[in-house]
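In the numbering used here, the protein residues as written are 16 to 92.
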């Protein structure tokens, strides 16, 4: 059961990472598009979590949001 949960979390993380990595160049110029991306990602996550096996002992909750602009993160390569 835990293996299935971990596999689901890994798949979920990869999917969200890919979805958010598509738009880095547009992030500074298209706030409306990014807002729509967050909405779509949250909707997709909600649907994916609703489909998870009800037999799992944990209830997951995922919230998509923006990073704190004060963070000094290294750029991706």
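Beta carbons: idealized from backbone N, C-alpha and C, even for Gly.
Being a predicted model, the structure only gives us computed values, none of them experimental.
### Task
Compute the beta-carbon to beta-carbon distance between residue 77 and residue 60, rounded to the nearest angstrom, for a pair I have assumed lies under 8 angstroms.
5 angstroms
#### Entry: Cα-Cα separation between residue 79 and residue 62, rounded to whole angstroms
Going from the Cα of residue 79 to the Cα of residue 62 covers about 14 angstroms.
### Task
Take residue 82 and list the residues in its own chain whose beta-carbon comes closer than 8 angstroms to its own, dropping the five residues that flank it on each side.
In the same chain as residue 82, and ignoring 5 residues on each side of it, the C-beta atoms closer than 8 angstroms to its own belong to 88, in chain order.
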